[in-house]
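Step one of this worksheet: look at the structure below.
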Amino acid sequence: MKVDQVITSRRLLLTVGGASLLCACSRAGIRVSRAPAPLASPTADGAGASDASSEEDGQGSAGPSAAADGTSPAQTATPDAAGAVPPADTPQTPGEADSMVHAGPKTVALTFDDGPNPIDTPRVLEILREHGVIATFFMIGMNVKRYPDTVRAVLAQGHRIANHTWSHPDLGTLSKDGVRNELERTSDLIAETCGHRPVLFRAPGGFFTQNSYEVCAEMGLRPVLWDVDPEDWSDPGPDTIVQRVLSSIRTGSIVLNHDGALTDGLITAPGSDGDRSQTVDALRSYLPQLIDAGYRFTVPDGG
Ligand SMILES: [Zn+2]
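Here you go:
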C-alpha cells in the first residue's frame with residue numbers, strides 16, 4: 001500500500017466514528033523516526049504527512065556500548081557545554097507543532113495518548129515511578145470524565161496532563177468553533193478534576209489544522225507531535241514496540257505511546273481494542289534500557 005493510500009485509509013478511520021476511532025492516534029500509520037515535516041496544509045489531503053522516511057544514523061540508539069550512568073534518571077536535563085541541541089526556550093514557530101524537545105543531550109520525552117485507562121494507566125505509572133521518570137499524558141476528555149481518580153493519580157505522581165480533545169475527532173471535519181469546543185471542554189474538565197489546566201495539546205492522529213493552531217494560540221496551548229512512533233496501538237507485539245523505540249530514539253525525541261483508547265464501554269478486557277498491555281510490557285523493557293544507555297527524561301517544551 002502506498003503512503004498516500006495509507007493516509008487516506010487512516011483518515012477514513014478517523015472520520016467514520018465509533019470503534020474505528022480507537023486506533024486513530026498514530027498519524028497516518030507511519031512510523032516517524034525523524035522530525036516530521038511541518039503540517040503546512042494539514043487538511044483533508046493529509047499534506048505534511050508525506051515524510052515517511054525511516055532514515056537512521058544510529059545516534060542516540062540505546063545500544064549496550066552507549067555511555068551510561070543508569071543510576072539517577074533526571075526529570076529534566078542541563079544542556080552540556082557543547083551546546084549540541086538548541087536551548088529549551090527555543091520559541092515555537094506559529095502554525096507548527098513540536099516534534100522534538102530541546103532539553104539537552106540524550107534527553108527525550110515519553111508521551112502517552114488516549115487515556116486515562118483505569119487498568120493500564122496505573123501500570124504505566126508504576127513503571128515510571130520505579131525508574132523515577134516523568135512523562136506526559138495526552139488525555140481524551142470523555143475518558144477524563146469516566147476515570148477522574150486515574151487523572152488525579154497521574155498528576156499526584158508529578159506527570160504532565162495534556163489535552164487530546166474531548167472525543168478524539170478528526171479536526172479536519174470540524175469548524176473552528178467545533179475545534180474550540182473540543183479543546184475547551186477538555187481543559188475545563190481536567191482543571192475541574194485535578195486542579196491543573198493543560199498547557200500542551202496534541203491533535204488526534206497528529207492531524208493539526210489551521211483552525212486548531214489558531215484555537216491553540218487563543219487558549220495558550222502549545223501543539224505537540226512526536227518523533228518516534230512505534231505504532232503500539234496496532235498491537236505489533238511488545239518486542240516489536242521495544243525494537244522500534246530503541247532503533248529510532250535520539251536526543252530530543254518525543255516518543256508516542258498509548259495508555260488508553262476511546263471506547264463506548266469497559267476498555268480493560270485482554271485482547272480488546274482498549275487493551276494496552278503490549279505498551280505496558282514494552283515500556284517495562286525499553287525504559288531501563290534507555291536509562292542504562294544514558295537517556296534522561298523531560299516533558300515537551302513549555303509543559
Ligand atoms: Zn489519540
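Take the sequence shown: its letter number 190 is residue 190 in full-length UniProt numbering, and every next letter is one higher.
Quick reminder that beta carbons are idealized off the backbone N, C-alpha and C, glycines included.
#1: With DSSP collapsed to three states, give me the class of Thr-107.
#2: Just to check my reading of the structure: Leu-290 and Ile-249 have Cβ atoms closer than 8 Å, yes? What is that Cβ distance to the nearest angstrom?
#3: Looking at Glu-116 and ligand 1, is the gap between the Cβ and the nearest heavy atom below 7 Å?
#4: Kindly indicate which three-state DSSP category Gly-115 falls into: helix, strand or coil?
#5: Cβ of Thr-193 within 8 Å of Cβ of Ala-162?
#6: Have a look at the DSSP bridge pairing and note the partners of Leu-256.
#7: Are Ile-120 and Gly-260 close, meaning C-beta to C-beta below 8 Å?
#8: Here's the rule: buried if 16 or more other CB atoms are within 10 angstroms of the residue's CB, otherwise exposed. What is Pro-94?
#9: Report the option in Arg-180, Gly-206, Thr-263 and Asp-239 whose CA atom is closest to the CA atom of Ala-217.
#10: At 3 residues or longer, what runs of the beta strand (DSSP E) sit wholly inside the region 117-166?
#11: Assign Asp-232 to buried or exposed, taking buried as 16 or more other Cβ atoms, counted over all protein chains shown, within 10 Å of its Cβ.
#12: Flag this pair as yes or no: are the beta carbons of Lys-145 and Thr-251 separated by less than 8 Å?
#13: Just the C-alpha distance for Gln-157 and Ser-175, rounded to the nearest angstrom, thanks.
#14: Tell me, which residues are paired with Val-224 by DSSP?
#15: Exposed or buried, Ala-191, counting other C-beta atoms within 10 Å across all chains shown (16 or more means buried)?
#16: Ligand 1 heavy atoms versus the CB of Asp-98: any closer than 7 Å?
#17: My understanding is that Val-228 touches Tyr-286, with C-beta atoms under 8 Å, so please give their C-beta distance in whole angstroms.
#18: Report yes if the C-beta distance between Met-139 and Val-151 is below 8 Å; otherwise report no.
#19: Hey, Leu-189 and Val-224: beta-carbon distance below 8 Å or not?
#20: Specify, as a first and last residue, the run of the alpha helix (DSSP H) that Arg-244 falls within.
#21: Please state the DSSP three-state secondary structure of Arg-276.
#22: What are the start and end residues of the alpha helix (DSSP H) that includes Thr-186?
#23: What residue range is occupied by the uninterrupted alpha helix (DSSP H) comprising Tyr-295?
#24: State the CB to CB distance for the pair Arg-160 and Gly-303, rounded to an integer number of angstroms; the pair is presumed to be in contact (CB under 8 Å).
#25: Could you tell me the distance, in whole angstroms, from the CA atom of Ala-282 to the CA atom of Pro-238?
#26: For a test of the three-state rule: what should DSSP assign to Leu-262, helix, strand or coil?
#27: Run the proximity test for Asp-120: is its beta-carbon closer than 7 Å to any non-hydrogen atom belonging to ligand 1?
#28: Spatial neighbours of Tyr-213 within its chain, please: C-beta separation below 6 Å, excluding the five flanking residues on both sides.
#29: Which residue or residues does DSSP assign as beta-bridge partners of Leu-200?
#30: Can you give me the C-alpha to C-alpha distance between Gly-274 and Asp-301, rounded to a whole angstrom?
On the basis of the data shown:
#1: In the structure shown, Thr-107 falls within a strand segment according to DSSP collapsed to helix, strand and coil.
#2: Correct: roughly 7 Å between the Cβ atoms.
#3: Looking at the sequence provided, one finds Pro at residue 116 rather than Glu. Pro-116 Cβ: outside cutoff for every heavy atom of ligand 1.
#4: Residue state, collapsed to three classes: strand.
#5: No, the pair does not count as a contact, with Cβ atoms beyond the cut-off.
#6: According to DSSP, Leu-256 bridges with Thr-111.
#7: Before going on, a small fix: residue 120 reads as Asp here, not Ile. Taking C-beta atoms as the reference points, Asp-120 and Gly-260 count as a pair closer than 8 Å.
#8: Here Pro-94 is exposed, its C-beta having fewer than 16 other C-beta atoms within 10 Å.
#9: Nearest of Arg-180, Gly-206, Thr-263 and Asp-239 to Ala-217, Cα basis: Arg-180.
#10: Under the rule that a run must span 3 or more residues, the beta strand (DSSP E) segments found entirely inside the region 117-166 read 136-139 and 160-163.
#11: That one is buried.
#12: In this structure, Lys-145 lies away from Thr-251, with their beta-carbon atoms at least 8 Å apart.
#13: Their backbone Cα atoms lie some 36 Å apart in a straight line.
#14: Val-224 is bridged to Asp-98.
#15: Counting every other CB atom within 10 Å of its CB across the protein chains shown gives Ala-191 a total below 16, marking it as exposed.
#16: Checking every heavy atom of ligand 1 against the Cβ of Asp-98, none is found closer than 7 Å.
#17: Not really, about 11 Å apart at Cβ, beyond 8 Å.
#18: It is a contact, given that the beta carbons lie within the stated cut-off.
#19: No; because the gap between Cβ atoms is not below 8 Å, this pair is not in contact.
#20: Segment 238-248, the alpha helix (DSSP H) holding Arg-244.
#21: Correct three-state label for Arg-276: coil.
#22: From DSSP, the alpha helix (DSSP H) with Thr-186 extends over 176-194.
#23: That residue, Tyr-295, is in no alpha helix (DSSP H); it is neither H nor E in DSSP.
#24: A Cβ-Cβ distance of about 5 Å is found for the pair Arg-160 and Gly-303, placing them in contact under the 8 Å criterion.
#25: The alpha-carbon atoms of Ala-282 and Pro-238 are separated by roughly 5 Å.
#26: Under the three-state reduction of DSSP, Leu-262 is assigned to coil, being neither helix nor strand.
#27: No, Cβ of Asp-120 sits at least 7 Å from all heavy atoms of ligand 1.
#28: Excluding residues within five positions, the ones whose Cβ falls inside 6 Å are Gly-95.
#29: Paired residue(s): Arg-222.
#30: Looking at the two C-alpha atoms, the distance is approximately 29 Å.
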